[in-house]
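These notes are about the structure you will find just below.
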Amino acid sequence: MTLTMHSSLLLMLFILVYPLSTTLSPSQQNSNMAKMTKVAVSSAFFVSLLPLMVFLNMKTEGIITNWQWMNTQTFDINVSFKFDHYSLIFVPIALYVTWSILEFALWYMHSDPNIDRFFKYLLTFLVAMIILVTANNMFQLFIGWEGVGIMSFMLIGWWYGRTDANTAALQAVIYNRVGDIGLIMTMAWLATNLNSWEIQQIFALSKNFNMTVPLMGLTLAATGKSAQFGLHPWLPSAMEGPTPVSALLHSSTMVVAGIFLLIRLHPLMENNKLALTACLCLGALTSLFTAACALTQNDIKKIVAFSTSSQLGLMMVTIGLNQPQLAFLHICTHAFFKAMLFLCSGSIIHSLNNEQDIRKMGGLFNMMPTTSTCFTIGSLALTGTPFLAGFFSKDAIIEALNTSYLNAWALTLTLIATSFTAVYSFRLVYFVLMGAPRFPPLTPINENNPLVINSIKRLAWGSIIAGLIITQNFLTTKTPVMTMPTTLKMAALAVTITGLLVATEMANVASKQVKITPMTSTHHFSNMLGFFPTTTHRLLPKLNLTLGQSAATQLDKTWLETIGPKGLALTQTTMSKTTNDITRGMIKTYLTIFILTLILATAPALL
Amino acid sequence: MSAAECQRGKMAALRAGLLTRALTKGKTPAISNIILGTRAASGPSKDTLPGAYPRSPEEMAAAAKKYNMTLEDYKPYPNDGMGYGDYPMLPERSQQERDPWYQWDHPDLRRNWGEPMHWDFDMYIRNRVDTSPSPVEWRTMRNQLLGFVGFMLLMFGLGEMFPCYQPVAPKQYPYSDLYLERGGDPAKEPEPVKNYEI
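So the protein sequences, as listed, match chains L and P.
Residue numbering for the first sequence follows UniProt numbering, beginning at 1 and increasing consecutively.
Residue numbering for the second sequence follows UniProt numbering, beginning at 1 and increasing consecutively.
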């Protein structure tokens, strides 16, 4: 059985790497690379189901150490893959979602001359993500971590002629880098204190240590990668990239890497109250803040991006509750419906001739039935409608919240964020699908392409049944609290329905003028994203760059260069230039004068 | 050198100086220029490079012309020893504020060829600092953001002091808390244990 698992997993990796290797050959005429990539990912998905079935049947987990890579007397770095509960479930889900997204991208990016390069980037990203998820040591995880960060940069800046896209890509890289400081600090701490980067060894040796420092580093890393409050602005800016990029990276896979890191290393956090409280509070704040920002946005992709950020905050809250398996369940179910929401948005955007403003959409329910149905299913799953995918994870998280001993404000914020989820989801459905059309009549609106329809339908199936399948087949290691008062049990549903009612009331009121002038301060706060990007992106770069400029001019250029060597050189060259100008290079004249002087001087002696 | 050769050298230099002066366009004939002459071109000359702080109106006019600006627009940095020289002090405005729809020579930089560059031009490109006006004043933005974060930190602190949890009591087993099963004396009467009332 280990052999089956081992060989199928390596086969899956090989299938994914093969299309990348075809791009290395110089002759690229009539290449079918985009289609080949999609087929490769779908076959890798089916192959990866085999180890999953083996795991389901026998609960076998595997650690495969392939290669001793950099080993010294005191420190070992090997290439080792860990196939446990988390990676064995995540990899098929990631491959399924990527398969649908690649099929969608075949239609969406059809007119792009560099579509092969696009698919190459997406595939490189996928390979890096799988390396991250299956890593058994911190070094390999770091390789995957940086890989997904760089591919995110290149894919956000896909349309590099657009300066806003470049700025967004730079934002993504810089914010991720700040998080990487935490990860590198943790790796350094682990290397110096535990003398190992292998996960098993870390778990075994960490019992006697105070793990606060590395755990804070890991929390910082997750803050950067998973866009928690403080390092969150890059995620809405990342919507500058094409929609398949938003669907794959910035909703399902890359942004969950930070949460995944915390899930992987959760045994380190179980006993550290400070780290757990930090995760809980940070997650709750993120969840509420980004949900509040989503309420007033007008770009369809930005609303879905803030929704992603809010759900990531919820996952962070779950980790703070000491429930990594619930967080992982939410990662898996969230991947399906969020990717589907993005694909539906992409279908709508292209159909309306690249219109992304929801104020200029409307009435799409009759004109794009499949897309709007799946959009509604995705929104319902997102809000936690009973028995769709999101319900199993979200409701379980809220129940765990209600029955735990935790910070009361974190609980309040998370419940408010859950109701906001219903509000902005309804707002999105109301503006995009309902009512009368607000776009020009001549639009290429159609759903004729099977590439779009099949991919969206596949994800719709996932959004409906994935939660049920995963919860039915995988038992939790921590016993959930089964008994609680009815109020607490129904809390998630009650809060969501409240949000929905508030949203419908506001939709009614918004078309009438009830006050002479509206109160704009809260609207401004929400619409300008809490003023966070406007203040930090203007203040911090200005301070840093002015500091850098004055350091370069005053310290480097003046005190180190001009006072010393360069000033001396300048004096020398000025003097030599002046001397050179005086002499004027009249060689023949000088020689003549010299000879004449010599003759005149020696003439009396000769004579 | 004899006097005749001295004279000959001076004559040559004078001729060379007059020749170069004739070739160059109307520069002020300084003594040094006649003796030393003008060197062949080897890069931007002293006149086109940024120079010292302009003190007289003629120097201001020359500097304005050098930087391709009108005399009214030209305003140098104050002469406080920071090394700016005669470089113009342009308004601190980022490239993001310029008209996005105008047909600039360099559309990505929103700049035309020959335009005077700001001293901190590399800071004001569109990828970096943005000075465009915001709908809300800076003070309001800062206060609201810091107020929000401060309020959240305060409330989280309060939440830590007054946490939220479900009420829990010790389990109350039947048969007087399992008195006999736990090895209690059958002859003695056990005390009733009531952790809670149903």
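Where is the CB? At the ideal position from N, CA and C, for every residue including glycine.
Look up tryptophan 67(L) in the DSSP assignment and give the residues it is bridged to. Residue pairing by DSSP places tryptophan 67(L) opposite Val79(L) in a beta bridge.
For serine 288(L), which option in Thr22(L), Pro324(L), Phe153(L), His232(L) has the closest C-alpha, if you only look at C-alpha atoms? Going by the sequence as given, residue 288(L) is leucine instead of serine. Proximity to leucine 288(L) across Thr22(L), Pro324(L), Phe153(L), His232(L) peaks at His232(L), based on C-alpha coordinates.
Lysine 27(P) versus glycine 548(L) - alpha carbon distance: Residue confidence for lysine 27(P) is low, a pLDDT of 49 falling below 50, so the modelled location carries little weight; the figure read from the coordinates is stated next. Each residue's Cα considered, the two are about 40 Å apart.
Give the residues of chain L in contact with aspartate 47(P), contact being defined as C-beta atoms less than 9 Å apart. Simply none; closest approach about 16 Å.
Determine, using beta carbons only, whether glutamate 59(P) comes closer than 9 Å to chain L. no
Does any residue of chain P bring its CB to less than 9 Å from the CB of arginine 538(L)? yes
Counting only the same chain and skipping the five closest in sequence on each side, list residues whose C-beta sits under 6 Å from that of serine 8(L). Excluding positions up to five away in sequence, the list reads Val47, Leu50, Pro51.
Using a beta-carbon distance below 9 Å, is aspartate 80(P) in contact with chain L? no
Does proline 54(P) pass the burial test, meaning 16 or more other C-beta atoms within 10 Å, or should it be called exposed? buried
Can you find at least 3 beta carbon pairs, one from the region 18-25 of chain L and one from the region 117-133 of chain L, that sit closer than 8 Å? yes
Would you call the region 133-147 of chain L in contact with the region 65-83 of chain L, where contact means no fewer than 3 C-beta pairs closer than 8 Å? yes
Rank Gly159(P), Glu72(P), Tyr87(P) by C-alpha distance to the C-alpha of phenylalanine 121(P) and give the top, closest one. Tyr87(P)
Measuring only between beta-carbons, confirm whether leucine 145(P) sits less than 9 Å from chain L. yes
What are the partner residues of aspartate 299(L), as DSSP defines its beta bridges? Asp357(L)
Proximity winner among Ile199(L), Tyr175(L), Ile174(L), relative to threonine 186(L) (alpha-carbon distances): Taking only the C-alpha atoms, the option nearest threonine 186(L) is Ile199(L).
Residues within the region 152-184 of chain P neighbouring chain L, beta-carbon criterion of under 8 Å: Going along the region 152-184 of chain P in chain order, one finds Met152, Met155, Phe156, Leu158, Gly159, Glu160, Phe162, Pro163, Cys164, Tyr165, Gln166 with a Cβ nearer than 8 Å to chain L.
Could you tell me which residues DSSP puts in a beta bridge with residue 616(L)? Outside the displayed range of chain L (1 to 607) lies residue 616(L), so it cannot be described from this structure.
If the cut is a Cβ gap below 8 Å, which residues of chain L does aspartate 120(P) touch? Leu545, Thr546, Gln549
Which of the three DSSP states, helix, strand or coil, is assigned to glutamate 146(L)? helix
Residues of its chain near asparagine 68(P), where Cβ-Cβ distance is below 7 Å and the 5 sequence neighbours each way are ignored: Gly114, Pro116
Length of the line joining the Cα atoms of phenylalanine 209(L) and cysteine 164(P): 30 Å
Within chain P, the residues that threonine 524(L) reaches when beta carbons sit closer than 7 Å: Checking the sequence, you will find histidine at residue 524(L) rather than threonine. Here the neighbours are Pro135, Val136.
Is asparagine 127(P) close to chain L? Criterion is C-beta to C-beta, closer than 9 Å. Contact with chain L is found for asparagine 127(P), since one of that chain's Cβ atoms lies less than 9 Å from the residue's Cβ.
Residues of its chain near alanine 52(P), where Cβ-Cβ distance is below 7 Å and the 5 sequence neighbours each way are ignored: Gly85, Asp86
Output yes if chain P places a C-beta closer than 9 Å to the C-beta of alanine 410(L); else output no. yes
By the three-class DSSP mapping on this structure, what secondary structure does histidine 106(P) have? Three-state DSSP puts histidine 106(P) in a strand.
CA nearest to the CA of phenylalanine 162(P), picked from Thr412(L), Pro518(L), Ser526(L): Thr412(L)
How about arginine 111(P): is its C-beta nearer than 9 Å to some C-beta of chain L? Contact with chain L is absent for arginine 111(P), since none of that chain's Cβ atoms lies less than 9 Å from the residue's Cβ.
Considering only the alpha carbon of each residue, which of Pro236(L), Lys478(L), Leu261(L), Leu262(L) lies closest to histidine 250(L)? Pro236(L)
Tell me, please, whether the CB atom of methionine 117(P) is closer than 9 Å to any CB atom in chain L? no
In chain order, which beta strand (DSSP E) runs of at least 3 residues are fully inside the region 390-419 of chain L? none
Touch check for the region 353-366 of chain L and the region 430-446 of chain L: three-plus C-beta pairs under 8 Å? Counting C-beta pairs closer than 8 Å gives three or more between the region 353-366 of chain L and the region 430-446 of chain L, which meets the contact rule.
With burial defined as no fewer than 16 other Cβ atoms inside 10 Å of the residue's Cβ, what is the status of glycine 378(L): buried or exposed? buried
DSSP three-state call for glycine 81(P): helix, strand or coil? coil
Hey, valine 245(L) and lysine 225(L): beta-carbon distance below 9 Å or not? no
Start and end of the alpha helix (DSSP H) containing glutamate 58(P)? 57-66
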